[in-house]
Structures are given as C-alpha cells and as structure tokens.
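Working notes, structure below.
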Amino acid sequence: MILSTLTGRVMYVCKWVAVVPSLSLLGCQVTEVQPTLKNECGILRSNVDWSSRIKVLNFLSLAFSQKCDAGVIEYTEQAQSDFRDKAFSFSREMAGVFLSDGVLTEYVLESYERAYLSVLLAASYRRTGHVEDAKVELRRLDHELFAPLYNFGEDPVNLVLSAVLWEVLGEPGDARTDWFRLAEHTSSFLLHVSPALQAFAHEQVIRLDEGGRPTPQWQVYGVGRFPEVDWDFKLFGAPNGYFVIHPNPPFQESCVSETGLRLSTESWFAKIKHRHDHAYHPLLNIQSWIRLPIGVVYGLVPFSLGAGMAVGGCAGAASLGGRGSGDLCLLSNLGGTQLMQIAPTVFQNTVRPDLRHWELLPEAIVVTQESDVESEPCDSHQARLHLLVTRSPAPPFSH
77 MILSTLTGRV MYVCKWVAVV PSLSLLGCQV TEVQPTLKNE CGILRSNVDW
127 SSRIKVLNFL SLAFSQKCDA GVIEYTEQAQ SDFRDKAFSF SREMAGVFLS
177 DGVLTEYVLE SYERAYLSVL LAASYRRTGH VEDAKVELRR LDHELFAPLY
227 NFGEDPVNLV LSAVLWEVLG EPGDARTDWF RLAEHTSSFL LHVSPALQAF
277 AHEQVIRLDE GGRPTPQWQV YGVGRFPEVD WDFKLFGAPN GYFVIHPNPP
327 FQESCVSETG LRLSTESWFA KIKHRHDHAY HPLLNIQSWI RLPIGVVYGL
377 VPFSLGAGMA VGGCAGAASL GGRGSGDLCL LSNLGGTQLM QIAPTVFQNT
427 VRPDLRHWEL LPEAIVVTQE SDVESEPCDS HQARLHLLVT RSPAPPFSH
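In the numbering used here, the protein residues as written are 77 to 475.
Pasting the structure below:
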C-alpha cells in the first residue's frame with residue numbers, strides 16, 4: 077500500500093517514471109518535489125511493515141532514494157540487528173520439507189545485503205554530516221563481508237563502494253585496502269573479479285601509493301532495477317541441486333573507462349543462484365532433495381483424483397444409461413482433466429527454491445570522476461537509483 081501510494085504521488089511530478097526505483101531521476105524538478113518528499117518521509121516512517129522482511133528492505137531503498145535519511149538511519153540499524161542471524165529450529169526445519177522452501181522460516185540477509193545496508197547507512201550519515209558515524213559503519217561493512225555467518229562471502233560491488241566512500245571521507249589508507257583486495261583477489265566459486273575491474277582497482281592502488289596525485293571527485297549512483305529471479309526444473313546436470321536459476325532480463329555488461337566504471341550487481345545475483353549449493357548451504361541442498369519425492373507425491377494426488385473422476389464418471393454414466401449419460405460422461409471428463417492439469421503446478425510449488433531477496437536494488441552501480449555524469453562513457457542512461465556519492469549532496473529531510 078505504501079509503495080503504491082508513494083509511486084502515484086511522485087508519478088504526478090515525473091510522468092515518465094515507470095518504476096519505483098527511478099524516483100530519484102535527475103530529470104525531476106527538485107523545487108516541486110521537495111515539499112512532497114518531506115511529507116512522504118513522515119508517511120514512510122509511520123507505515124513500516126515489520127511482518128515482512130523483504131518489504132522492510134524495499135522500504136529502506138525507497139526511503140534512501142527520497143533522502144529520508146533520519147528514517148534510513150533509524151530503521152537500517154534495526155534491520156541489521158533483526159535480520160542478520162539464522163535462528164535454527166529443529167521442528168521448523170523438519171516440517172519445512174513438506175512445504176515450499178522458506179514458508180516456515182524467516183528470511184536471513186545475504187552477506188551482500190548486510191554490506192549494502194551498511195553502504196546506505198554510511199551514505200546517509202555522510203549526507204547528514206555525521207562523518208565519524210559513517211566511518212564506523214564502513215568498518216562494520218568490512219566485518220559483514222568476511223563474517224563466518226549462515227550467509228557469508230564478499231562481493232566486488234560492495235568493496236568498490238566501500239573504497240570510494242573511504243576516499244570521500246578522507247581516509248585513503250582504508251580505501252587502498254579495499255582497492256588492493258579487488259586488484260589482487262583470487263576468484264572463488266562465490267566471487268569472481270573481472271580482469272577489467274582488477275586493472276581499474278590496480279590503477280587506484282598506484283594512484284594512492286604515489287600520494288601526490290589529487291583525489292578524484294567521485295560520484296556514485298545505482299542504475300536500473302535488479303532483475304527478476306526465475307528458475308527452471310532440471311533433474312540432471314544442474315549445479316544447484318535440480319534448479320537452474322537465471323535473471324530476467326539478463327544483466328548488462330560491465331564497463332571500465334579512463335574516468336570510471338559501471339559494475340553490474342550480477343555478483344549479488346550469484347549469491348541467490350548458489351543458495352542451494354551443497355558447498356554453500358548443505359542443509360538447504362539436502363532439504364531440496366528430500367522435498368523432491370514429496371512434491372511428486374503431492375502432484376500425483378490431483379492427477380489421480382482427476383483420472384478417477386474421468387474414468388469413474390463415464391463408467392457410472394454408462395451404468396445408469398439414459399439420454400443424459402453422454403452429458404454426464406462429458407462433464408466428468410472435463411472436471412477430471414482440469415484436476416489433472418494442476419498436477420504440474422502442485423509439484424512445482426512444492427519443490428520450488430526459496431528465491432526471496434531484496435528487490436529494490438540497482439542492476440549496476442556507476443562510479444565516475446566526471447563532473448557531469450552524462451559525460452561518463454560507462455553511464456547507461458538508465459533511471460538512477462541510490463545517489464550514493466554526489467558533488468554537492470542535497471540537504472536531507474528529517475521528518
């Protein structure tokens with residue numbers, strides 16, 4: 077409800093904005109939007125639905141895009157605390173194999189989501205002038221990427237964001253650490269750093285080591301919308317049990333220029349894609365294989381009922397005889413066929429993987445030294461979401 081209300085109000089100002097993540101488009105006239113956004117910040121803060129963790133994460137994306145920094149600071153800290161750890165329950169884990177994956181369990185933040193929450197929080201602290209708090213949050217980001225929790229693993233996107241924010245906050249030593257991790261990183265099954273990104277990071281390490289070169293005036297923003305997560309059933313040859321998980325639409329290619337880069341968030345998608353890998357979450361992998369024969373049994377129930385209705389109905393109609401027997405047999409066949417047709421749906425709904433994730437995220441981030449972002453060769457000219465670092469940040473709204 078809150079998302080649809082806010083979308084409707086902002087659409088009045090920017091009629092060509094098609095989706096919620098593009099509310100911060102630079103094409104909107106700030107003088108007209110600001111009074112509305114100030115009111116919307118109050119509406120946002122009074123309508124947080126903590127019964128759905130995904131809705132809370134989407135709310136934080138929207139609040140940050142609206143520059144509701146007070147709300148972002150308050151609720152991000154609570155989300156970090158409440159959504160961080162996995163609470164195991166033997167009864168829930170056992171009962172869960174008889175239902176769709178994730179029905180009985182609370183959503184637990186992926187490592188990239190924990191880190192990106194820290195990015196948003198650090199950026200909000202910076203926009204409100206709390207520089208030391210922003211630095212504390214960036215140190216927490218570093219911990220979240222490497223903490224051996226239920227969901228673990230670093231990612232290049234958050235390392236880039238952390239490096240740039242450290243530079244913006246005047247800490248080149250900490251920035252060099254993150255750039256060096258990217259420049260010298262060894263790929264693993266959960267993390268891949270492209271050669272182009274490694275080369276870009278290596279240039280930043282050299283620049284920081286020289287010391288005399290001026291610090292770039294970075295600008296950082298997200299573009300596009302994180303794609304939908306689709307899956308297909310494939311019993312043999314799938315790397316994630318029997319799931320083939322893919323983005324819809326596919327991610328755009330990353331880009332590196334002399335003045336910046338565009339880095340897709342496909343590494344975030346990879347964490348969702350590998351969620352059921354035995355090497356990552358063996359419990360989820362085992363549960364998915366146990367759920368497979370249960371799904372077959374569940375699917376056979378409507379199929380058997382439908383077949384019985386069709387055959388039994390026609391047999392009964394034939395035994396009764398009379399003029400209406402043909403119509404009764406036809407109705408039995410129609411009803412039985414309808415029941416049989418839902419069998420694949422029942423099977424798929426039982427065995428489908430838990431693909432819940434933070435939805436209102438950018439498809440890619442753009443990091444540039446250009447004063448005019450339109451001049452950045454790697455800018456994709458998509459809707460801009462999450463203006464993380466700007467030359468002259470607009471004053472925040474606190475109501």
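For each residue, glycine too, the CB sits at the ideal point set by N, CA and C.
DSSP beta-bridge partners of residue i
{"i": "W294", "result": "None; W294 has no bridge partner."}
{"i": "G521", "result": "This structure cannot speak to residue 521, because the chain is shown only from 77 to 475."}
{"i": "W307", "result": "I321"}
{"i": "N316", "result": "F319"}
{"i": "R190", "result": "Paired residues: none, contrary to the question."}
{"i": "R460", "result": "V299"}
{"i": "V465", "result": "V296"}
{"i": "C331", "result": "R338"}
Distance between residue j and residue i (C-alpha atoms, nearest Å)
{"i": "L197", "j": "L185", "result": "16 Å"}
{"i": "E450", "j": "S456", "result": "9 Å"}
{"i": "W307", "j": "H322", "result": "6 Å"}
{"i": "R202", "j": "C144", "result": "13 Å"}
{"i": "K211", "j": "L368", "result": "47 Å"}
{"i": "V148", "j": "L136", "result": "6 Å"}
{"i": "R428", "j": "W434", "result": "18 Å"}
{"i": "H350", "j": "M385", "result": "42 Å"}
{"i": "L120", "j": "E213", "result": "23 Å"}
{"i": "S187", "j": "C117", "result": "28 Å"}
{"i": "E260", "j": "R283", "result": "16 Å"}
{"i": "A391", "j": "K347", "result": "54 Å"}
{"i": "V207", "j": "M170", "result": "47 Å"}
{"i": "R160", "j": "I370", "result": "31 Å"}
{"i": "E247", "j": "T253", "result": "10 Å"}
{"i": "H462", "j": "G249", "result": "26 Å"}
{"i": "Q142", "j": "Y151", "result": "15 Å"}
{"i": "V299", "j": "T413", "result": "47 Å"}
{"i": "A155", "j": "S127", "result": "12 Å"}
{"i": "S380", "j": "M416", "result": "7 Å"}
Candidates the options: closest to residue i by CA position
{"i": "P378", "options": "C117, V422, L360", "result": "V422"}
{"i": "S340", "options": "S380, A272, F159", "result": "A272"}
{"i": "V372", "options": "V281, V212, V173", "result": "V173"}
{"i": "P420", "options": "G375, D125, I441, G382", "result": "G375"}
{"i": "V442", "options": "A393, T291, C454", "result": "C454"}
{"i": "R129", "options": "E189, C117, S122, S401", "result": "E189"}
{"i": "L410", "options": "G392, G382, S395, A393", "result": "G382"}
{"i": "R168", "options": "A251, D125, Q414, V179", "result": "V179"}
{"i": "L337", "options": "G300, F276, D218, V281", "result": "F276"}
{"i": "E439", "options": "L415, E342, Q363", "result": "E342"}
{"i": "R460", "options": "K310, P224, L138, V132", "result": "L138"}
{"i": "L175", "options": "Y297, Q363, L463, E446", "result": "Q363"}
{"i": "F164", "options": "T181, W365, E304", "result": "T181"}
{"i": "A199", "options": "F345, N234, F222, K131", "result": "N234"}
{"i": "H326", "options": "N316, F345, F312", "result": "First, the residue type needs correcting, since residue 326 is Pro and not His in the sequence shown. Taking only the C-alpha atoms, the option nearest P326 is F345."}
{"i": "V332", "options": "L237, V132, S270", "result": "S270"}
{"i": "P224", "options": "Y356, W242, G317", "result": "Y356"}
{"i": "E243", "options": "A155, G287, E220", "result": "G287"}
{"i": "V305", "options": "S395, L396, N324", "result": "N324"}
{"i": "S157", "options": "I366, A191, F140", "result": "A191"}
Chain-order list of residues whose beta-carbon lies under 6 Å from that of residue i (same chain, five-residue window excluded)
{"i": "H354", "result": "N361"}
{"i": "Q110", "result": "A caution first: Q110 carries a pLDDT of 40, below 50, which makes its placement in the model too unreliable to give a value."}
{"i": "K162", "result": "V184, Y226"}
{"i": "L437", "result": "F302"}
{"i": "R216", "result": "S194"}
{"i": "A430", "result": "Just to set this straight, residue 430 is Asp in the shown sequence, not Ala. Taken in chain order, the residues that qualify are D177, G178."}
{"i": "S408", "result": "M385, A386, G389, C390"}
{"i": "S474", "result": "Confidence at S474 is low in this model, with a pLDDT of 39, below 50, so its placement is unreliable and the value that follows should be read with caution. A146, listed in sequence order."}
{"i": "D218", "result": "none"}
Min CB distance residue i to chain C below 7 Å
{"i": "V422", "result": "Considering every chain present, this structure includes no chain C. It has just one protein chain."}
Neighbourhood of residue i by C-beta distance below 7 Å, restricted to the same chain and skipping five residues each side
{"i": "T466", "result": "Q295"}
{"i": "V240", "result": "W294, V296, V443, V465"}
{"i": "R432", "result": "I130, G178, Y183"}
{"i": "F319", "result": "W307, H352, P429"}
{"i": "D209", "result": "Y201"}
{"i": "S401", "result": "A393, A394"}
{"i": "T426", "result": "S176, R367, I370, G371, Y374"}
Cβ-based neighbour list, residue i, same chain, cut-off 8 Å, excluding 5 preceding and 5 following
{"i": "E153", "result": "L197"}
{"i": "E329", "result": "S340"}
{"i": "L359", "result": "E169"}
{"i": "D448", "result": "none"}
{"i": "F140", "result": "V148, L196, A199, S200, H462"}
Ordered list of alpha helix (DSSP H) runs contained in the segment 116-156, each at least 4 residues: Segments of the alpha helix (DSSP H) lying fully in the segment 116-156: 129-141.
Those runs of the alpha helix (DSSP H) which lie wholly inside the segment 369-448 and span at least 4 residues: DSSP runs (the alpha helix (DSSP H)) wholly in the segment 369-448: 401-417, 419-427.
Contained alpha helix (DSSP H) runs [length at least 4] in the segment 210-291, N- to C-terminal order: Within the segment 210-291, the complete alpha helix (DSSP H) runs of at least 4 residues are 232-244, 248-259, 271-286.
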